[in-house]
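Enquirer: The structure under discussion is supplied below as structure tokens; questions concerning it will follow.
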Amino acid sequence: MCYARAPLINGCTLPLSDQALEAAEKTASQAPDVSFGALDLDPSLMRGIEALGFEKCSPIQAQILPHTLQGHDAIGKAQTGTGKTAAFLITLFNDLLNNPVEGERYLAEPRAVILAPTRELVMQIADDARQLGKFTGLSTVTLIGGADYAKQLAKVNDRVTDIVVATPGRLIDFIQRGDMHLDRVESLVLDEADRMLDMGFIPQVKRIVRSTPKKEDRQTLLFSATFSQDIMSLATQWTFDPITVEIEPERIATENVDQRVYLLESRDRLGVLKAILASPESTSVIVFANRRDQVRRVHERLQKQGLECGILSGEITQAKRTKTLEQFKSGRIRVLVATDVAGRGIHVDGVSHVINYDLPEDPEDYVHRIGRTGRAGEKGVSISFASEDNAFLLPEIEALLGQSLKCVQVPEELLKT
Ligand code: AMP
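Structural data, given as structure tokens:
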């Protein structure tokens, strides 16, 4: 193969194939159109990509893959919905397939570790990994809190593990008990690093990173929706000469979403919600509230009305959350009431409406919430309830969006029920 030098990104150069170089250069013109075929991927991985129906790289994949596939570290500013999961999974899979281990392998010594802040996200990533890696023969294990340790351990001890997808706490448990060893790790992915920071996981993540080989001897990919100073300083500690890629998804997220803000008194919210849910257009709806107790209350009241709906919050057991998500994904239930943490990172296509029963206190959460609808090129509707006690949160959301939100009185027909 003929190699050229890649464009300088963050002070690093690396060899790229001609096709990949051309593809990477195209991304600079804001019109990335990179086919997976140009990336010289392992055939078994290509089969998985084709089976999923991915026709070309998403912008983050087009920008990052030509570099990470060469073994480079990367820091990506990207949110859910950009295709970042496939970006890091393709990197890992290709590397593991290109460099098979010679000699004996041992149980509980994974070659790649992916850390994510929530159990839902871990399961989502593992699910994506199973689909993408369907023809590769590589094995993935998930380690999450709130689920049976012994069962997870049995899986770890069943066969050699290539990839571990975990929440930080449960992986620490495995390391501490000597049930998992990270000294053979070749690749480390830290997903949603900003959320791990917000949730107080950084001390645990630091310990996990210290259990892996030093940064010069592993590939590290770090993704975060925001690049705060704290995140950048952690990224500098953990990555070696990384490239940096920023994908701004807010515009993508909002483009396909008809965002409505209804001005109403807080005591009218439940009635209006019920009226919205009764409309035939509400085929698949996620209702967000800020706190677990609110989520519980809304869920209870909807159920009392005979509306079958699911609940997704931190106080619900993992098994129940998993079942609920499956039911929602399959369309068996069409309404899900969720908190931000539980709702984050869940990608279900075909969500018709996102309802903000409460405005989120963090404007970033607004973007995440409405990003659950209007996916995969479809149109979606978000309806936010603004009342006397939360309307003051709107200006900050508008500032983040870079657009003003049209606030209207609730349509008459929704108030009558
Ligand atoms: P993520 O940002 O990882 O949450 O991915 C969002 C969605 O995009 C997931 O449903 C992926 O299956 C899908 N996806 C990822 N990469 C591609 C691609 N290249 N083409 C089409 N869909 C993709």
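Residue 29 in my numbering sits at position 29 of the sequence shown, and the numbers go up by one each step. Where is the CB? At the ideal position from N, CA and C, for every residue including glycine.
Hey, how far is the Cα of Q318 from the Cα of R332?
Expert: Approximately 19 Å, taken between the alpha carbons.
Enquirer: Closer than 8 Å by C-beta to E413: which residues in its own chain qualify, once you throw out the five before and the five after it? Chain order, please.
Expert: Closer than 8 Å at Cβ, skipping near neighbours: A275.
Enquirer: Can you tell which of A87, S279, R334 and M180 has its C-alpha closest to the C-alpha of P152?
Expert: The sequence given here has Gln at residue 152, not Pro. Per the Cα distances, M180.
Enquirer: Does the distance between the C-beta of S58 and the nearest non-hydrogen atom of the ligand AMP fall short of 6 Å?
Expert: Yes, since a heavy atom of the ligand AMP falls inside the 6 Å radius drawn around the Cβ of S58.
Enquirer: Indicate whether V285 and G374 have their beta-carbon atoms separated by less than 7 Å.
Expert: Not in contact: V285 and G374 (Cβ atoms no closer than 7 Å).
Enquirer: How far does the alpha helix (DSSP H) with R296 in it extend, from its first residue to its last?
Expert: Start and end: R292 to K304.
Enquirer: Run through the stretch 118–188 for me and flag every whole alpha helix (DSSP H) of 4 or more residues, listed as ranges in chain order.
Expert: Correct list: 119–132, 149–156 and 168–176.
Enquirer: Can you tell me the Cα-Cα spacing of D127 and E315, whole angstroms?
Expert: If you take the alpha carbons of D127 and E315, they lie about 23 Å apart.
Enquirer: State yes or no: is the C-beta of F385 within less than 7 Å of the C-beta of R269?
Expert: Yes, these two residues count as a Cβ contact at 7 Å.
Enquirer: Mind checking F392: buried by the 16 CB within 10 Å criterion, or exposed?
Expert: Its Cβ having fewer than 16 others within 10 Å, F392 is exposed.
Enquirer: Just to confirm, does K77 get its C-beta within under 6 Å of one of the non-hydrogen atoms of the ligand AMP?
Expert: Checking the Cβ of K77 against the ligand AMP gives no.
Enquirer: Is any heavy atom of the ligand AMP found at a distance shorter than 6 Å from the C-beta of G380?
Expert: No; taking the cut-off as 6 Å, the Cβ of G380 has no heavy atom of the ligand AMP nearer than that.
Enquirer: How is the beta strand (DSSP E) around Q259 delimited, first residue to last?
Expert: Per DSSP, Q259 belongs to the beta strand (DSSP E) from V257 to L263.
Enquirer: Looking at the structure shown, is A225 part of a helix, part of a strand, or coil, going by DSSP?
Expert: Residue state, collapsed to three classes: coil.
Enquirer: If we ignore side chains and look at the alpha-carbon of each, how far apart do H299 and S211 end up?
Expert: When rounded, the distance between both Cα atoms is 42 Å.
Enquirer: Would you check whether the ligand AMP has a heavy atom nearer than 6 Å to the C-beta of A86?
Expert: Yes, the Cβ of A86 comes within 6 Å of a heavy atom of the ligand AMP.
Enquirer: Could you spell out where the beta strand (DSSP E) holding G76 opens and where it closes?
Expert: Element bounds for G76: A74 to K77.
Enquirer: Between the alpha carbons of P66 and L39, how many angstroms are there, rounded?
Expert: Approximately 7 Å between the Cα atoms of the pair.
Enquirer: Any heavy atom of the ligand AMP within a distance shorter than 6 Å of the CB on F54?
Expert: Result yes, Cβ under 6 Å from the ligand AMP.
Enquirer: Return yes when at least one heavy atom of the ligand AMP lies under 6 Å from the C-beta of G81, else no.
Expert: Under cutoff, so the answer is yes.
Enquirer: Which stretch, first to last residue, makes up the alpha helix (DSSP H) that contains L97?
Expert: L97 -> alpha helix (DSSP H) spans K84 to N98.
Enquirer: Quick check on the burial criterion: 16 or more other C-beta atoms within 10 angstroms. Buried or exposed for E192?
Expert: Under this definition E192 is a buried residue.
Enquirer: Report the option in L52, K77 and T118 whose CA atom is closest to the CA atom of I64.
Expert: Per the Cα distances, K77.
Enquirer: What are the boundary residues of the beta strand (DSSP E) that includes L336?
Expert: Where L336 is concerned, the enclosing beta strand (DSSP E) stretches over V335 to A338.
Enquirer: Got a sec, what are the start and stop residues for the alpha helix (DSSP H) A116 sits in?
Expert: Here A116 belongs to no alpha helix (DSSP H), and DSSP marks it neither H nor E.
Enquirer: Residues in the same chain with beta-carbon distance under 8 Å from G169, minus the five sequence neighbours each way, listed in chain order, please.
Expert: Excluding positions up to five away in sequence, the list reads G145, F201 and Q204.
Enquirer: I355 by DSSP, collapsed to three states: which one?
Expert: Three-state DSSP puts I355 in a strand.
Enquirer: Taking the C-alpha atoms as reference points, what is the distance between L96 and R111?
Expert: Rounded to the nearest angstrom, the two C-alpha atoms are 8 Å apart.
Enquirer: Quick check: the Cα distance between E50 and S35, rounded to an integer number of angstroms?
Expert: Their backbone Cα atoms lie some 11 Å apart in a straight line.
Enquirer: Looking only at its chain, what residues have a beta carbon closer than 7 Å to the beta carbon of G283, apart from the 5 residues adjacent to it on each side?
Expert: The displayed chain sequence assigns Thr, not Gly, to residue 283. Same-chain partners within the cutoff: R334 and S352.
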